[in-house]
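Asker: Read left to right, the sequence shown gives residues 1 to 90 (our numbering). Just so it is clear, CB atoms sit at the ideal spot from N, CA and C, and this is done for glycine as well. Take a look at this one; I'll ask things after.
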Amino acid sequence: MVVVRLERRGTKKTPHHRIVVTERNRAQGGRVLETLGYYDPSATPVKFSLDETRLVFWRSSGAQVSEAVALLIKKFRSTPVGAAKPAGKP
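Put into structure tokens, the structure is as follows:
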């Protein structure tokens, strides 16, 4: 099974994370299929980047999104993944 999850990078006490697509049974720092973005909580302001088109592709291919990535998406995006954008005023 394929999963979208965080991969920890950085040094001691200054973590940053990559948002990656990998097999569920691979090690946390193991081989990844694709890197979708990054999250740097120690930066001011917090840095978050995500390739939304590739995320939609992987989700449509059956990839599961980890709980941590789902919370980050919910926090930093205004529309949920795969949702239609609201239409303009009538």
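#1: So what's Ser49 in DSSP terms, helix, strand or just coil?
#2: From the DSSP output, read off the bridge partner residues of Ile92.
#3: With DSSP as the reference, please indicate the residues paired to Val65 in a beta bridge.
#4: Using the DSSP secondary-structure output, state which residues sit across from Thr157 in a beta bridge.
#5: Grouping DSSP H, G and I as helix and E and B as strand, with all else coil, what is Ser42?
Answerer: From the atom records:
#1: Position 49 of the sequence shown, counted from the first residue, corresponds to residue 49. In the structure shown, Ser49 sits in a strand (DSSP, three-state: E or B).
#2: As shown, the chain starts at 1 and ends at 90. That puts residue 92 outside it, with no answer to give.
#3: Within the sequence shown, numbered from 1, the residue matching residue 65 stands at position 65. Val65 is bridged to Val4.
#4: For residue 157 there is no data in the structure shown, the boundaries of the chain being 1 and 90.
#5: For the purposes of this step, residue 42 is taken as residue 42 along the sequence shown, with counting starting at 1. If DSSP states are grouped into helix, strand and coil, Ser42 belongs with coil.
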